[in-house]
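Per the working numbering, the very first residue in the sequence shown carries number 584; after that it's consecutive.
Glycine included, C-beta positions come from ideal geometry on N, C-alpha and C.
The structure presented is a predicted model; accordingly, all values stated were derived computationally and were not measured.
Taking it in order: structure first as structure tokens, then the write-up.
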Amino acid sequence: MKTRIKPMAKIVLLAGLSMPVALLAHGDTMQMRTQSIGQQGNMAVNILGNWRVSLIEIDGAFTRVPEQAGDVTLQINNNQISGVSGCNNFMSPYTFSTNKQQIIISEGASTRRMCQPEEVMRFEDSFLRLLNGTFMIEKNFEGITLVRDNVKIYLVK
């Protein structure tokens, strides 16, 4: 298993975080350990189950789930991810890479209710566009992170 130390230039308060968070002054940095968790020894790590999106990072900028959206959830079951993206339900098929270190999420479908306030609808549209493609699976301090190019989706149980 490969362990990396990642410099973090920014940090924000994570919704629902049950531990203290340090706020950093401009120029200060923080390091967070992450691990690729696709396989540990010969045994694949089980990411099946219920997850909550705690934070999304795009190009180093953090986006939180709008408070009015409630919990944004994912249920990862056999070959399908489903959940609530704010006020609408969604579902997408997925597969794992051969080594189980990547999850390939295909384009899915969602309900189309109008969300209020509009901030929730904008978040949903962005989130559902981001939740498509091949993601590395990394273990973080509180759950897992789905990583693709410049996008990181932080999931907690």
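Distance, residue j Cα to residue i Cα
| i | j | result |
| --- | --- | --- |
| residue 624 | residue 702 | Unreliable positioning characterises residue 624 in this predicted model, as indicated by a pLDDT of 43, which lies under 50. The coordinate reading is nonetheless provided below. Looking at the two C-alpha atoms, the distance is approximately 44 Å. |
| residue 695 | residue 670 | 9 Å |
| residue 729 | residue 684 | 10 Å |
| residue 606 | residue 645 | Its pLDDT being 41, under 50, residue 606 is placed unreliably by the model, and the measurement read from it follows with that caveat. Straight-line Cα distance between these residues: approximately 14 Å. |
| residue 731 | residue 668 | 19 Å |
Residue span of the alpha helix (DSSP H) that contains residue i, given as start and end
| i | result |
| --- | --- |
| residue 711 | 701-713 |
Opening and closing residue of the beta strand (DSSP E) in which residue i lies
| i | result |
| --- | --- |
| residue 573 | With the chain covering 584 to 740 only, the question about residue 573 has no answer from this structure. |
| residue 676 | 672-679 |
| residue 688 | 685-688 |
| residue 632 | 632-641 |
Pair within 7 Å by beta-carbon distance, residue i and residue j
| i | j | result |
| --- | --- | --- |
| residue 676 | residue 662 | yes |
| residue 673 | residue 693 | yes |
Presumed contact (8 Å Cβ cut-off) between residue i and residue j, rounded CB distance
| i | j | result |
| --- | --- | --- |
| residue 583 | residue 720 | Since the first residue of the chain shown is 584 and the last is 740, residue 583 is not available in this structure. |
Below 8 Å, can you find three or more Cβ-Cβ pairs linking the segment 727-740 to the segment 630-645? yes
Three or more beta-carbon pairs under 8 Å between the segment 724-733 and the segment 690-710, yes or no? Put simply, the segment 724-733 does not touch the segment 690-710. Fewer than three CB pairs are less than 8 Å apart.
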